[in-house]
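Visitor: Here's a structure for you.
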Amino acid sequence: MISRLLAKGYTVSVLTSHFDSEVPAQESKENFHIYRVGKNRISFMFWALIKGKKILKKNKDISLIHTSTYGGAIPASLLGKMFHKRVILTVHEIF
Numbered sequence: 000m001i002s003r004l005l006a007k008g009y010t011v012s013v014l015t016s017h018f019d020s021e022v023p024a025q026e027s028k029e030n031f032h033i034y035r036v037g038k039n040r041i042s043f044m045f046w047a048l049i050k051g052k053k054i055l056k057k058n059k060d061i062s063l064i065h066t067s068t069y070g071g072a073i074p075a076s077l078l079g080k081m082f083h084k085r086v087i088l089t090v091h092e093i094f
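For the sequence shown, position 34 (counting from the first letter as 1) is numbered 33 according to numbering that gives the first Met the number 0, and the numbering increases by one without interruption.
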């Protein structure tokens with residue numbers, strides 16, 4: 000999905016977990032930005048809300064928030080409501 004969006008000229012920002020301390024907390028290549036926060040699911044929910052708020056304040060042209068995990072659904076939903084953004088939750092598995 001990301002490669003297709005980039006090919007169409009979109010800017011893509013990904014907010015994900017930072018469980019591996021050897022991987023940088025932030026990376027950017029052209030129109031693709033990766034932000035890593037939280038070491039586990041609980042800390043990710045808290046830090047994703049904090050970092051997501053900063054990202055959305057700085058990048059007002061972000062039009063959509065997509066999440067694919069239940070842990071990401073809480074901060075994504077809250078950020079969507081706070082910033083009036085559409086939120087899409089993709090469920091890949093059911094327990």
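All C-beta atoms, glycine included, are put in the ideal place defined by N, C-alpha and C.
For S76, which of helix, strand or coil comes out of DSSP?
Guide: Of the three classes helix, strand and coil, the one that applies to S76 here is helix, per DSSP.
Visitor: Would the beta-carbon of R35 fall within 8 angstroms of that of V22?
Guide: Against a cut-off of 8 angstroms, the Cβ pair of V22 and R35 comes out as a contact.
Visitor: Which residues does DSSP pair with R85 in a beta bridge?
Guide: In DSSP, R85 forms a bridge with L63.
Visitor: Mark M81 as exposed unless 16 or more other C-beta atoms lie within 10 angstroms of its C-beta, in which case mark it buried.
Guide: M81 should be labelled exposed.
Visitor: With respect to the alpha helix (DSSP H) encompassing I41, which residues constitute its N-terminal and C-terminal limits?
Guide: I41 -> alpha helix (DSSP H) spans R40 to K57.
Visitor: Sort out for me which residues DSSP pairs L14 with in a bridge.
Guide: Y34, per the DSSP bridge assignment.
Visitor: State the CB to CB distance for the pair S67 and T89, rounded to an integer number of angstroms; the pair is presumed to be in contact (CB under 8 angstroms).
Guide: So it is a contact: roughly 4 angstroms between Cβ atoms.
Visitor: Which of helix, strand or coil does DSSP assign to S27?
Guide: If DSSP states are grouped into helix, strand and coil, S27 belongs with the strands.
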